[in-house]
């Protein structure tokens with residue numbers, strides 16, 4: 148009778164060890180996938196934000212529409228005077244704004260950004276923000292009109 152009890156407790160210990168091992172394996176797998184899912188979600192949010200900000204810059208005049216002449220309280224920044232047609236005065240003022248002020252007005256405080264307007268040949272006319280070599284950079288390129296000539300507006304976000 149004593150040997151059966153020892154055998155039973157040995158079986159229970161082995162079964163418990165296997166159960167704990169499988170439980171640890173499942174939690175490790177779940178944790179790994181939840182981190183991956185979270186990173187994908189954050190990347191997707193950053194991607195949406197980069198596109199919406201670039202669209203805001205090239206499609207709207209900002210609020211108030213003549214914010215470039217009165218910097219006391221611009222609510223939103225926009226660089227266009229018509230859809231996808233940029234205004235020189237807005238660009239001139241935009242690049243003189245403080246980095247933190249641009250981030251606040253574009254509602255991108257938790258990200259870093261880089262803005263560039265260049266000719267189709269690649270000559271940079273305007274730039275603002277910080278250039279980066281970070282790994283997770285979302286970069287949008289949009290064709291716009293500036294001085295009645297096609298140009299490329301680039302806007303990049305990263306965290």
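Numbering (this note's numbering), first residue to last: 148 to 306. Glycine is no exception: its CB is placed at the ideal position from the N, C-alpha and C atoms. Nothing here was measured: the structure is a model prediction, and the numbers come from that model.
For the 8 Å Cβ check, are there 3 or more pairs between the segment 222-229 and the segment 162-172? These segments do not touch.
So if DSSP puts residue 285 in a beta bridge, which residue, or which two residues, is it bridged to? Within the chain shown, numbered from 1, the residue matching residue 285 stands at position 138. Checking the DSSP bridge columns, you'll see residue 285 partnered with 304.
From this set, 209, 216, 193, which residue's C-alpha is nearest residue 222's C-alpha? Here residue 222 refers to the residue found at position 75 when the chain shown is read from its first residue. If we check each option's Cα against that of residue 222, 209 comes out closest.
Tell me, which residues are paired with residue 299 by DSSP? The residue given as residue 299 occupies position 152 in the chain shown. Beta-bridge pairing links residue 299 to 265, 290.
Start-to-end residues for the alpha helix (DSSP H) that takes in residue 242: Locating residue 242 in the chain shown gives position 95, counting from the first residue. Looking at the DSSP string, residue 242 is not in any alpha helix (DSSP H), and its letter there is neither H nor E.
Using beta-carbon positions only, say whether residue 305 and residue 266 come within less than 8 Å of one another. Counting from 1 along the chain shown, the entry for residue 305 is found at position 158. Counting from 1 along the chain shown, the entry for residue 266 is found at position 119. No.
I need the straight-line Cα distance from residue 296 to residue 233, nearest angstrom please. In the chain shown, the residue the question calls residue 296 occupies position 149. In the chain shown, the residue the question calls residue 233 occupies position 86. Distance between the alpha carbons of residue 296 and residue 233: 10 Å.
Short check: CB of residue 262 to CB of residue 302, under 8 Å? Mapped onto the chain shown, residue 262 falls at position 115. Mapped onto the chain shown, residue 302 falls at position 155. Yes, Cβ-Cβ distance for residue 262 and residue 302 is below 8 Å.
Under 8 Å, with one C-beta from each stretch per pair, do the segment 235-242 and the segment 254-261 reach the 3-pair mark? Segments in contact, no.
Determine the burial state of residue 182: buried for a count of at least 16 other Cβ atoms within 10 Å of its Cβ, exposed for fewer. Taking the first residue of the chain shown as position 1, residue 182 is located at position 35. Residue environment for residue 182: exposed (fewer than 16 other C-beta atoms within 10 angstroms of its C-beta).
With a threshold of 7 Å, establish whether the CB of residue 283 neighbours any heavy atom of the ligand FMN. Absent from the structure shown: the ligand FMN. Ligands present: none.
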